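Undergrad: Residue numbers (the working numbering): 119 to 638.
All C-beta atoms in this analysis are idealised placements derived from N, C-alpha and C, irrespective of residue type, glycine included.
If you're wondering where the values come from, they're calculated on a predicted model, not measured in any experiment.
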């Protein structure tokens, strides 16, 4: 009897989730093709001389029970730092799970396959001062901004509450409606334009709906006025940007996806690396096979189901003559933002807490106009095991650019020197503290809601006519998804096969409406 196979393009969170779900819930054999050598896509961990880089930063948090359980099953949660035998209660989505302490809990010092429980701290660096993120209306913030700025922020917020913008078409409209024009110009405009390289009044409002939904001055005030903080991991009633604890693999996000890849192989699935997809064999209703290139030869691999997490732009191009001219034209004009991480190892940071202790930020948003760095990660604070020598500080300088532009085209040594100089200019390090550095460039890291995106529904409708094709993940759906959303698209696609459903609407609805992830 012919055993059905599923061709999965990409070994990122979506692709590997789909592979493991197929093996655990069906008799379908997954074959994963990955063009690089890495597992996890942009969620991989890069090891540079024993110092590990998390590309983009990945907090392991979800409002989905399925995802939280899935992660904990792959990497069990560490023993909580409580009295021996005491349990740790992790709450999310108004549900609770008890994790027994030692000897049943995982000792993170002795064991490597473990999820750490980490505190979240992100701040904004503006005017060479630190501000809480999201911006909180604390006495500290008021002092740093000054009375004139505070009055302007409050008056512009009250004005927009009284006279909200009725047509929300751009990102500028979306943010001003939530925060007022003064706070938008102070803490959002310059940073967002640094990230995307496009004025906020040219960016779709959908970016805001995807990434900062639910956050406004009202929610910030409500959060600040709570007498009792939510100490749980899940924190279902806390907006994602206000989460104060999260899970994190001991050696970074790639550790989890490397574990998933091992489980896929142990269960009979295949993962083939260093292999590109160059063409498809298909008819009017179904995909029949994929032409792959491993650098030495090309061969056709047939399949029954196809999961694509490759960029939609590339997928449509590989479908060649089958695609209507109009759809090809829309796909060609889809835009992306590319990403560079400059790893900088230093003896110590110049910035300190007021009491002289080390700063504990996971990452810092750099809002300064006179530098190009967008965000700074401190990997020691994600996990102490990310750093080879804990007497050093391992930093990730994040730059947003377009493939081929001046920043992207810089040589490795020039980028390291550039990053070191920017940190020194900002007063974050002394140049003589520098030890070593490296550079990682990631093309098509962020699908952008510009270019031909306004016509993307035509692509979505077209690819949905293929009964055995599933678009999953961030690039697969050209959606600015988080890791858990990408996983949920894969889970929902596998369930479609199990149910024999032809509809894809609920898959596309993931991260489109809060209710999808928060339904009770």
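Grab me the residues of residue 287's own chain with a C-beta within less than 7 Å of its C-beta, minus the 5 sequence neighbours each way, in chain order.
TA: Working through the chain shown from its first residue, we reach residue 287 at position 169. Closer than 7 Å at Cβ, skipping near neighbours: 323.
Undergrad: What residues in its chain sit with their C-beta under 8 Å from that of residue 257, if we drop five residues either side in the sequence?
TA: What you label residue 257 is simply residue 139 of the chain shown in a count that begins at 1. Once the five neighbours on either side are set aside, residue 257 has no close Cβ partner at all.
Undergrad: Helix, strand or coil, according to DSSP, for residue 508 in the structure here?
TA: Position 390 of the chain shown, counted from the first residue, corresponds to residue 508. In the structure shown, residue 508 sits in coil (DSSP, three-state: anything other than H, G, I, E or B).
Undergrad: The ligand MG and residue 265: does the residue's C-beta get closer than 8 Å to at least one heavy atom of that ligand?
TA: The model on display carries no ligand, and the ligand MG is accordingly not part of it.
Undergrad: Sort out for me which residues DSSP pairs residue 537 with in a bridge.
TA: Residue 537 sits at position 419 when you count from the first residue of the chain shown. Answer by DSSP bridge pairing: none, since residue 537 is not bridged.
Undergrad: Return the chain-ordered list of same chain residues with a C-beta closer than 6 Å to the C-beta of residue 506, the five sequence neighbours on each side being excluded.
TA: For this step, residue 506 is matched to residue 388 along the chain shown. Result list for residue 506: 168 and 169, in chain order.
Undergrad: Got a sec? Which residues, its chain only, sit under 8 Å from residue 240 by beta carbon, not counting five neighbours each side?
TA: Position 122 of the chain shown, counting from 1, holds the residue named residue 240. The answer, listed in chain order, is 251, 479, 480, 481, 482 and 483.
Undergrad: Can you tell me whether residue 515 is buried or exposed? The criterion is at least 16 other CB atoms within 10 Å of its CB, across all chains shown.
TA: Mapped onto the chain shown, residue 515 falls at position 397. Buried, by the Cβ-count rule.
Undergrad: With distances taken from CA atoms, which of 460, 176 and 468 is nearest residue 530?
TA: Within the chain shown, residue 530 is the residue found at index 412, counting from 1. Comparing Cα-Cα distances from residue 530 to each of 460, 176 and 468, the minimum goes to 460.
Undergrad: Measure the CB-CB distance between residue 378 and residue 138 and report whether it falls below 9 Å.
TA: Here residue 378 refers to the residue found at position 260 of the chain shown. Here residue 138 refers to the residue found at position 20 of the chain shown. Yes, they are a contact pair.
Undergrad: Looking at residue 295: is its Cβ nearer than 9 Å to the Cβ of residue 278?
TA: What you label residue 295 is simply residue 177 of the chain shown in a count that begins at 1. What you label residue 278 is simply residue 160 of the chain shown in a count that begins at 1. Their beta carbons are under 9 Å apart, which means residue 295 touches residue 278 by this criterion.
Undergrad: Quick one: what does DSSP say residue 131 is sitting in, helix, strand or coil?
TA: Here the question's residue 131 lines up with position 13 in the chain shown. Reduced to three states, the DSSP call for residue 131 is helix.
Undergrad: Given a cut-off of 9 Å, decide if residue 610 and residue 596 are closer than it, judged by their beta-carbon atoms.
TA: Mapped onto the chain shown, residue 596 falls at position 478. Mapped onto the chain shown, residue 610 falls at position 492. Against a cut-off of 9 Å, the Cβ pair of residue 610 and residue 596 comes out as no contact.
Undergrad: Determine the burial state of residue 667: buried for a count of at least 16 other Cβ atoms within 10 Å of its Cβ, exposed for fewer.
TA: A question about residue 667 goes unanswered here, because the residues of the chain that appear run from 119 up to 638.
Undergrad: To which residues of the same chain is residue 576 closer than 8 Å at the C-beta, ignoring the five residues directly before and after it?
TA: Position 458 of the chain shown, counted from the start, is the residue given in the question as residue 576. Contacts found: 444, 445 and 448.
Undergrad: Note down, in chain order, each residue of its chain lying with its Cβ closer than 6 Å to the Cβ of residue 347, except the 5 sequence neighbours on either side.
TA: Along the chain shown, read from residue 1 onward, the residue named residue 347 stands at position 229. Summary for residue 347: the model assigns pLDDT 49, below 50, so the residue's position carries little reliability; its value from the coordinates is reported in the next sentence. There are no such residues.
Undergrad: In three-state terms, what does DSSP make of residue 646?
TA: The shown model of the chain, from 119 to 638, leaves out residue 646, and the question about it has no answer.
Undergrad: For residue 493, count neighbouring Cβ atoms within 10 angstroms of its own Cβ and tell me buried if that reaches 16, exposed if not.
TA: The residue labelled residue 493 in the question sits at position 375 within the chain shown. So residue 493 ends up on the buried side.
Undergrad: Quick check on residue 155: does DSSP put it in helix, strand or coil?
TA: If you number the chain shown from 1, residue 155 lands on position 37. Reduced to three states, the DSSP call for residue 155 is coil.
Undergrad: Alpha carbon to alpha carbon, how far is residue 244 from residue 389? Give it in angstroms, no decimals.
TA: One-based indexing of the chain shown puts residue 389 at position 271. One-based indexing of the chain shown puts residue 244 at position 126. Using only the alpha carbons, I get a separation of about 45 Å.
Undergrad: Note the first and the last residue of the continuous beta strand (DSSP E) segment covering residue 400.
TA: Indexing the chain shown from 1 puts residue 400 at position 282. 394-400 is the extent of the beta strand (DSSP E) around residue 400.
Undergrad: Can you tell me whether residue 385 is helix, strand or coil according to DSSP?
TA: Here residue 385 corresponds to residue number 267 of the chain shown, with the count starting at 1. Coil at residue 385, not helix or strand.
Undergrad: What does DSSP give as the partner residues of residue 88 in its beta bridges?
TA: This structure leaves residue 88 out entirely; the chain is present only between 119 and 638.
Undergrad: Can you name the start and end residues of the beta strand (DSSP E) that residue 566 belongs to?
TA: Stepping through the chain shown from its first residue, residue 566 is reached at position 448. Per DSSP, residue 566 belongs to the beta strand (DSSP E) from 552-569.
Undergrad: Please return the same chain residues whose Cβ sits closer than 8 Å to the Cβ of residue 612, not counting the five positions on each side in sequence.
TA: To locate residue 612, count along the chain shown from 1; it is residue 494. So the list reads 136, 139, 140, 143 and 144, once near-sequence residues are dropped.
Undergrad: Can you name the start and end residues of the alpha helix (DSSP H) that residue 172 belongs to?
TA: One-based indexing of the chain shown puts residue 172 at position 54. Per DSSP, residue 172 belongs to no alpha helix (DSSP H); it is in the beta strand (DSSP E), 169-172.
Undergrad: Considering only residues of the same chain and omitting the five flanking positions on each side of residue 489, which have a CB-CB separation below 7 Å?
TA: The residue given as residue 489 occupies position 371 in the chain shown. The residues are 540, 543 and 544.
Undergrad: Hey, out of 158, 121 and 368, whose CA is closest to residue 229's CA?
TA: As a working mapping, residue 229 is identified with position 111 in the chain shown. Out of 158, 121 and 368, 368 has the C-alpha closest to the C-alpha of residue 229.
Undergrad: Determine, using beta carbons only, whether residue 370 and residue 189 come nearer to each other than 9 Å.
TA: As a working note, residue 370 is residue 252 in the chain shown. As a working note, residue 189 is residue 71 in the chain shown. No, they are not a contact pair.
Undergrad: By a C-beta neighbour count over all protein chains shown, 10 Å radius and 16 as the cutoff for buried, is residue 281 buried or exposed?
TA: Reading the chain shown from its first residue, position 163 is the one you call residue 281. With fewer than 16 other Cβ atoms within 10 Å, it is exposed.
Undergrad: Suppose the cutoff is 8 Å on Cβ atoms and the five residues either side in sequence are ignored; what does the same chain contact list for residue 133 look like?
TA: By 1-based counting over the chain shown, the position of residue 133 is 15. Within the same chain, residue 133 has close Cβ partners 126, 127, 150, 152, 159, 425, 427, 590, 591 and 608.
Undergrad: Can you tell me which residues form a DSSP beta bridge with residue 233?
TA: Residue numbering aside, residue 233 sits at position 115 when the chain shown is read from its first letter. Its beta-bridge partners are 195 and 367.
Undergrad: Do the CB positions of residue 396 and residue 416 come within less than 9 Å of each other?
TA: Residue numbering aside, residue 396 sits at position 278 when the chain shown is read from its first letter. Residue numbering aside, residue 416 sits at position 298 when the chain shown is read from its first letter. In contact: residue 396 and residue 416 (Cβ atoms closer than 9 Å).
Undergrad: Hey, residue 300 and residue 584 are a contact pair by Cβ (cut 8 Å); roughly how many whole angstroms apart?
TA: Within the chain shown, residue 300 is the residue found at index 182, counting from 1. Within the chain shown, residue 584 is the residue found at index 466, counting from 1. Residue 300 to residue 584, Cβ: 49 Å. No contact.
Undergrad: Between which two residues does the alpha helix (DSSP H) harbouring residue 407 extend?
TA: Your numbering for residue 407 matches position 289 in the chain shown. Looking at the DSSP string, residue 407 is not in any alpha helix (DSSP H); the run it does join, the beta strand (DSSP E), is 405-411.
Undergrad: My output table needs one value for residue 220: the three-state DSSP class, helix, strand or coil.
TA: As a position in the chain shown, residue 220 is number 102, starting the count at 1. With a pLDDT of 47 at residue 220, under the threshold of 50, the modelled position of this residue cannot be trusted; read the value that follows with caution. Residue 220: coil per DSSP, three-state reduction.
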